[in-house]
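Using the working numbering, count along the sequence shown one by one with no gaps and you end on 89.
Even for Gly, the Cβ is constructed at its ideal location relative to N, Cα and C.
Since the structure comes first, as C-alpha cells, the remarks are kept for the end.
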Amino acid sequence: MSNNFRRWFSQAIVNGRAGLLVALIVLLVWQIGLFNQLRLQLTNIYYVSRPTTNHIVIIAADDASLQMYGRALNEWPRDLYADLVTYLD
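As C-alpha cells, then:
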C-alpha cells in the first residue's frame, strides 16, 4: 500500500470513530429527553400570548355562504379564513 493510502485510511478510521462517538452522544441526549425540554422551552419563547379583550364576535354562516363555499366548513378555502381573521384583527 502506498503511504498516502495508509494516511487516508487511518484518518478515515479516526473520523469514523469520532462520528460514531458524536452519534452515540446525540442518541443518549435524545433518549434522556434533553432535546424535548429544549424544544418545549423554545416553543414557549416563540409563542408569546397576547392579552385578551372583552370583545366577542359571533360569525354566522348563512345558507347563501354554505351554497357558495360548500356545506362543510372544512371545505371552505383557507384564504377565506385568513381574510376573516385579518378583518377581525
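### As assigned by DSSP and simplified to three states, the class of W76
In the sequence shown, residue 76 corresponds to position 76, counting from 1. In this structure, W76 counts as coil in the three-state DSSP scheme.
#### Entry: Nearest neighbour of I59, chosen from I45, R78, V85 [CA to CA]
Against the sequence shown, residue 59 aligns to sequence position 59. The residue with the shortest Cα to Cα distance from I59 is V85.
### Query
So, helix, strand or coil for T86, using DSSP?
Within the sequence shown, residue 86 is the residue found at index 86, counting from 1. In the structure shown, the three-state DSSP call for T86 is helix.
### Query
Alpha carbon to alpha carbon, what distance is there between Q11 and G33?
Stepping through the sequence shown from its first residue, residue 33 is reached at position 33. Stepping through the sequence shown from its first residue, residue 11 is reached at position 11. For G33 and Q11, the distance between alpha carbons rounds to 33 angstroms.
### Task
Report the residue from R7, D89, S2 whose alpha carbon sits nearest the alpha carbon of T52.
By 1-based counting over the sequence shown, the position of residue 52 is 52. With respect to the C-alpha of T52, the residue from R7, D89, S2 having the closest C-alpha is D89.
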